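**Q** These protein sequence lines are chains H and U, in that order. All letters in the first sequence, in the order written, are residues 442 to 779 by this note's numbering. All letters in the second sequence, in the order written, are residues 442 to 779 by this note's numbering. The C-beta atom is built at its ideal place from N, Cα and C for all residues, glycine as well. Since the model is a prediction, treat every value here as computed from it, not as a measurement.
There are 2 protein chains.
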Amino acid sequence: MTTIYDVARKAGVAPITVSRVINQTGYISADKRQRVEAAVAELGYVPNRLASSLRSRRTHTLALVLSDITNPFFTNLARGVEDTASDAGFTVIFCNTDESEAEEQKYLGVLLQKRVDGILLVPARSNPDSLRMLQHNGTPVVVLDRRIPHVQADVVRCDSEDGAYQLTRLLLGLGHRGIAMLTGPKNVSTSADRVAGYRRALNEAGLAKRQQMVFYGDFRQASGYQMAQQALAAQPRPTALVAANNFITIGALKALQEAGLRVPEDMALVGFDDLPPAMVAFPFFTVATQPSYEMGQAGTRLLLERLENPAARPFQEIILPTEVIVRQSSGVAKLHLS
Amino acid sequence: MTTIYDVARKAGVAPITVSRVINQTGYISADKRQRVEAAVAELGYVPNRLASSLRSRRTHTLALVLSDITNPFFTNLARGVEDTASDAGFTVIFCNTDESEAEEQKYLGVLLQKRVDGILLVPARSNPDSLRMLQHNGTPVVVLDRRIPHVQADVVRCDSEDGAYQLTRLLLGLGHRGIAMLTGPKNVSTSADRVAGYRRALNEAGLAKRQQMVFYGDFRQASGYQMAQQALAAQPRPTALVAANNFITIGALKALQEAGLRVPEDMALVGFDDLPPAMVAFPFFTVATQPSYEMGQAGTRLLLERLENPAARPFQEIILPTEVIVRQSSGVAKLHLS
DNA sequence: CTGTTAGCGCGTTCAT
DNA sequence: ATGAACGCGCTAACAG
């Protein structure tokens, strides 16, 4: 493998001069620069970033740790991260935790060993251990999508509470009084915040706690299916469902279809997260949509700033707005029809 | 930052012994192993893989270079890669080329500098330059999803020709004679192979070349939309469309809807690539589906084998089968109805 | 089973 | 504007 020394010899300069040309650092005379560049081309020299990173303590690598890249919400987020990082000359390592804290720990350990410059973390749980470990280690982190209570950190997330509040208000406005919430794990902030928004809307509408129905599961389709079945078995049976993410929404729809119920005629169904237009043949669901690409973008920018200037500014929390898109699945006013 | 020397001093052993404990290489007495592990824990030592990779010439990192992770086909493929790599102790760097050869070149250059152990490449074009460059450099590569003509390499892909053949046969069997193909770029093998399968089916049915209609675009929704409009303007107007991927299919559907045409009554529509069940409210499209997760899995296994044992076996080409799933969008027999 | 020596390829630091 | 010397942290190679 050819090294900086081979290039230096061929160009008749010192190795450090080659280094300076490659990294565009310091001033080099046009003459020597050209000789170096010629030698690089001739030898097909490929700089070894392992060695340079070891010496300079910068890897120009970020990591994105998330639950499941298979979910379009996270795919878009990942794309936002990658585009932004790439523009700044960084590459990105992706890690899927599948919402497992053990996987998360394992990956974070590996990433620290690889000395990534910074980490974008969608925490598997509200447990602060992982984040504390990273902060203790000194690796810059930005938390994405979710909060971790009682810990100071840079965070970029959406307003889950407000999104759920709006969705629930919409259903209330359509005359529904029996509204059930199908959500993810209790100790994931998005899950908890969406429940909170749901409860606030019902409380404001004067519906007491015993008229509030919350089902906890996880963020996958199978769970949505099961929770919807539970909701159908409840007495009194709800007339509307709020699903805490896209996969839960689809799972719930399947359960309703199997039960022979029409949406929205027999049961209204709304949910969090929209699907990209390029994936949907028949847009149907009323949703609270989150700007996932922008979230990845903003998080990466924040992280890159931190790298430039560690501890230059206090921790920041960026909260992006959710937007409700009304389609068919929420139905039209029931009171007036009946 | 604490190093292997700090650990060695604290444990009263030589640095190399620490190295052996950490990497589980060679035999170490239980006594020393425990002392080392205690020292590691006490100091919170995190091995520097930059240094170890520099020395050992292995980074335990793979790269996946693909066109767009936002497409569920590639997302699943990526997940197959990540799961397999992770199980083997490798991390994965993802790169989106957006089908641009320039982006591809740029990324490959960076990856070589980072000394990734191997590369999984979905080539942007059939152009062999990138692959040749990697092979010349000596970095193991596995080509995924697409062929690169006239170059020897490990390849894992699906049988695009056969999938398109089957889809077209299905339409022929339903009585269609005016069948148009909406495909991607001419110089991407999946695009070309699907055209070939389409033509073979039509040829076998005795439909001459002038009765074959092929529209070339790219693999995105907007392109599908435009190609469908062109197909609608053709004389005679086709009665069925074959789309070369999922995004083209959706784009085509939108164009048909805008033109006031019903699918499948006024126009049959079939395509390549299914969407994951968790994303689809109403399964509608008749498709040729590819096992994308398995493709990522198989490709990664092949690559890992190569790393273990460079040049131990000849290049391999694994061709996975496509499967046709019949749903509504292809319609039922027209001849019998009319 | 354990240790010694040396060097992977580069950039920091200091000098001129 | 350019260079010399050194070390980043680790493991290959060899010795015992």
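What distance in whole Å lies between the Cβ atoms of H/P705 and H/D659, which are believed to be in contact at a cut-off of 8 Å?
**A** Incorrect: roughly 25 Å between the Cβ atoms, too far for contact.
**Q** Name the DSSP bridge partner or partners of H/A752?
**A** In DSSP, H/A752 forms no bridge with anything.
**Q** Flag H/Q662 as yes when its Cβ comes closer than 8 Å to any non-hydrogen atom of the ligand SAM, and as no otherwise.
**A** The model on display carries no ligand, and the ligand SAM is accordingly not part of it.
**Q** Quick one: using the 10 Å Cβ neighbour count with 16 as the cut-off for buried, is U/M442 buried or exposed?
**A** Its Cβ having fewer than 16 others within 10 Å, U/M442 is exposed.
**Q** Mind checking if H/M720 is an interface residue toward chain U, Cβ cutoff 9 Å exclusive?
**A** Yes, its Cβ sits closer than 9 Å to a Cβ of chain U.
**Q** Keeping to the same chain, check which residues put their C-beta closer than 8 Å to that of U/Q593; ignore five residues upstream and five downstream.
**A** So the list reads F756, once near-sequence residues are dropped.
**Q** Does H/S527 have its Cβ less than 9 Å from a Cβ in chain U?
**A** At least one chain U Cβ lies under 9 Å of H/S527.
**Q** Within the same chain, show all residues whose beta-carbon is closer than 6 Å to that of U/Y486, passing over the 5 residues directly before and after it, in chain order.
**A** Within the same chain, U/Y486 has close Cβ partners T443 and V448.
**Q** From the DSSP output, in three-state form, read off H/Y639 for me.
**A** Here H/Y639 sits in helix by DSSP.
**Q** At the level of alpha carbons, what is the spacing between U/R747 and U/M622?
**A** Taking the straight line from one Cα to the other gives about 38 Å.
**Q** Compare the C-beta of H/P679 against all C-beta atoms of chain U and say whether one is closer than 9 Å.
**A** Chain U, which has no Cβ nearer than 9 Å to the Cβ of H/P679, makes this no.
**Q** Between the segment 550 to 564 of chain H and chain U, which residues of the former have CB atoms less than 9 Å from a CB of the latter, in chain order?
**A** Per Cβ criterion, the list reads G550, V551, L552, L553, Q554, K555 and R556.
**Q** Indicate whether at least one CB of chain H lies closer than 9 Å to the CB of U/L743.
**A** No, no contact with chain H.
**Q** Assign H/M708 to one of three DSSP states: helix, strand, or coil.
**A** Coil, per DSSP.
**Q** At least one CB of chain H closer than 9 Å to the CB of U/I534: is that the case?
**A** Chain H contact via Cβ: present.
**Q** Taking all protein chains shown into account, do 16 or more other C-beta atoms lie within 10 angstroms of the C-beta of H/D586, making it buried, or fewer, making it exposed?
**A** Buried, because 16 or more other Cβ atoms sit within 10 Å of the Cβ of H/D586.
**Q** Taking the DSSP output, what are the residues bridged to U/M654?
**A** Answer is U/A621.
**Q** Assuming U/G692 contacts U/Q662 (C-beta within less than 8 Å), just tell me the rounded distance between them.
**A** Indeed, because the Cβ distance is near 4 Å, the residues count as touching under 8 Å.
**Q** Keeping to the same chain, check which residues put their C-beta closer than 8 Å to that of U/T500; ignore five residues upstream and five downstream.
**A** The answer, listed in chain order, is R490, S494, K555, R556, V557 and D558.
**Q** If you compare alpha carbons, which of U/L744, U/F535 and U/A633 is closest to U/D603?
**A** Checking every option, the nearest Cα to that of U/D603 belongs to U/A633.
**Q** Thinking C-beta only, is H/C599 closer than 9 Å to H/I445?
**A** No, the Cβ-Cβ distance between H/I445 and H/C599 is not below 9 Å.
**Q** Between the segment 451 to 461 of chain H and the segment 449 to 456 of chain U, can you find at least three pairs of beta-carbon atoms closer than 8 Å?
**A** Touching, no, given that fewer than three Cβ pairs across the two stretches are closer than 8 Å.
**Q** Quick check: the segment 675 to 687 of chain U against the segment 713 to 732 of chain U, are at least 3 beta-carbon pairs closer than 8 Å?
**A** Touching, per the Cβ criterion.
**Q** Quick check on DSSP: helix, strand or coil for U/N537?
**A** Three-state DSSP puts U/N537 in a strand.
**Q** Quick check on H/D509: does DSSP put it in helix, strand or coil?
**A** It is coil, neither helix nor strand.
**Q** Between H/E523 and chain U, is there a C-beta pair that is closer than 9 Å?
**A** Yes, H/E523 counts as interfacial toward chain U.
**Q** Give the single residue among H/P590, H/P564, H/I589 and H/I560 whose Cα lies nearest to the Cα of H/G579.
**A** Nearest C-alpha to H/G579: H/I560.
**Q** Assign H/N464 to buried or exposed, taking buried as 16 or more other Cβ atoms, counted over all protein chains shown, within 10 Å of its Cβ.
**A** Flag for H/N464 reads exposed.
**Q** Nearest-angstrom Cα distance between U/T538 and H/D472?
**A** C-alpha separation (whole angstroms): 35 Å.
**Q** Using the beta-carbon of each residue, which ones in chain U are nearer than 9 Å to H/F688?
**A** Ordered by position in chain U, the residues that pass the 9 Å Cβ test against H/F688 are A719 and M720.
**Q** Determine the contact status of U/T516 and H/I510, defining contact as a CB-CB distance below 9 Å.
**A** Going by C-beta atoms, U/T516 is nearer than 9 Å to H/I510.
**Q** Does the CB of H/L575 have a neighbour CB from chain U at under 9 Å?
**A** No, because no Cβ of chain U sits closer than 9 Å to the Cβ of H/L575.
**Q** Tell me whether H/A605 is buried or exposed, calling it buried when 16 or more other Cβ atoms sit within 10 Å of its Cβ.
**A** By the neighbour-count rule (16 or more Cβ atoms within 10 Å), H/A605 is buried.
**Q** Within 10 angstroms of the Cβ of U/S770, are there 16 or more other Cβ atoms? Answer buried if so, exposed if not.
**A** Counting Cβ neighbours within 10 Å, U/S770 comes out buried, since at least 16 surround it.
**Q** Could you tell me the boundaries of the beta strand (DSSP E) in which H/A729 lies?
**A** It spans T727 to T730 - the beta strand (DSSP E) in which H/A729 sits, taken as one unbroken run.
**Q** Please name the residues in the segment 642 to 666 of chain U whose beta-carbon is closer than 8 Å to at least one beta-carbon of chain H, in chain order.
**A** Under the 8 Å Cβ criterion, the segment 642 to 666 of chain U contributes R661 and Q662.
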